[in-house]
């Protein structure tokens, strides 16, 4: 946890980010929206995305299931569902490896949500889709290749 | 004003299966319009889903989420008649909140 916080602070520029996070934490649930992970969403490489999430030492896990087509004809609409059977799943991130900005979305599923989300993303070209799951303070990943016939980033 | 969302919440046992369809252009900032001008970034940044006022999903999105975003999730410990509320905010500060009640198992 401390490590995550340290790298988060480093990346987002210290005191301001901390103030924002603290304020969001103090607000009542129902109003508070998590601070947007600007560093992560602007990263252009998967390694930087993992760093922004604090997940550089994430272990591969078979308990994460990515449901996505093997071949998606239209890269503008690629349905992705992630199911995490890891207990205490707190957060699920979806990363499309070769997109201009790989991090597509982060879902905090902490309170009462199940370790499941599904959505549709855009993919520029054939690449691996990563699901990065945070559970019990630790990080886990799973990957699945999705082939794209027509890219959807243009 | 943004278009209303389509939300459906159906009960399966004690888990509510929630499906949300938002209407939003989700511009990537890379697409060009007919005149060759780049269409500026315009996308939903944050989505908050609450169950009877308690946060169950807090999502942060990038422009890589597809146009007219779909979001599916499951809420544990839900009962028929419970309120599911969804709020999104985009990068221009526009927002929209819609609420549904959980329908009983059919």
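Protein chains in written order, with our numbering: chain A, 78 to 231; chain B, 32 to 137. Ideal placement from N, C-alpha and C gives every residue a C-beta, glycine not left out.
| Query | Result |
| --- | --- |
| C-beta neighbour in chain A for residue 95(B), strict 8 angstroms | yes |
| Span of the alpha helix (DSSP H) around residue 127(A) | 123-130 |
| Residues that residue 143(A) bridges to, as DSSP identifies them | 159(A) |
| Beta-carbon proximity of residue 221(A) to residue 143(A), cut-off 8 angstroms | yes |
| Selected residue, minimal CA-CA separation from residue 133(A), among 153(A), 139(A) and 122(A) | 122(A) |
| Span of the alpha helix (DSSP H) around residue 116(A) | 115-118 |
| Where residue 220(A) sits in the DSSP three-state scheme | strand |
| Simplified DSSP state of residue 33(B), which is helix, strand or coil | coil |
| Top-ranked residue by Cα proximity to residue 38(B), from 107(B), 49(B) and 110(B) | 49(B) |
| Boundaries of the beta strand (DSSP E) in which residue 154(A) is found, first to last residue | Taken as a continuous stretch (DSSP letters only), residue 154(A) belongs to no beta strand (DSSP E), as it is neither H nor E. |
| Residues of its chain near residue 44(B), where Cβ-Cβ distance is below 7 angstroms and the 5 sequence neighbours each way are ignored | none |
| Residue 63(B) to residue 164(A) span [Cα, whole Å] | 44 angstroms |
| is_contact[residue 133(B), chain A] using C-beta, thresh 8 angstroms | no |
| Contact under 8 angstroms by Cβ, residue 138(A) with residue 174(A) | no |
| At least 3 beta-carbon pairs within less than 8 angstroms: the stretch 120-129 of chain B vs the stretch 213-227 of chain A | no |
| Interface flag, residue 44(B) vs chain A, CB-CB below 8 angstroms | no |
| CA nearest to the CA of residue 196(B), picked from 226(A), 176(A) and 149(A) | Chain B is shown only over 32 to 137; residue 196(B) falls outside these bounds and no answer can be derived. |
| Candidates 115(A), 227(A) and 149(A): closest to residue 91(B) by CA position | 115(A) |
| is_contact[residue 188(A), chain B] using C-beta, thresh 8 angstroms | yes |
| Segment contact flag, the stretch 144-163 of chain A with the stretch 63-77 of chain B, C-beta cutoff 8 angstroms, min 3 pairs | no |
| Between the CA atoms of residue 112(B) and residue 171(A) - distance to the nearest angstrom | 32 angstroms |
| Alpha carbon of residue 135(B) to alpha carbon of residue 103(B), nearest angstrom | 18 angstroms |
| DSSP-derived helix/strand/coil call for residue 100(A) | Confidence in residue 100(A) is poor, its pLDDT being 43 and thus under 50, which makes the residue's placement too unreliable to answer from. |
| Contacts around residue 149(A), its chain only, beta-carbon distance under 6 angstroms, and the 5 residues preceding and following it disregarded | 155, 223 and 225 |
| Neighbour list for residue 74(B) in chain A, Cβ cutoff strictly below 8 angstroms | Result: empty, since nearest Cβ-Cβ is about 10 angstroms, beyond 8 angstroms. |
| Residue(s) in a DSSP beta bridge with residue 82(B) | 85(B) and 115(B) |
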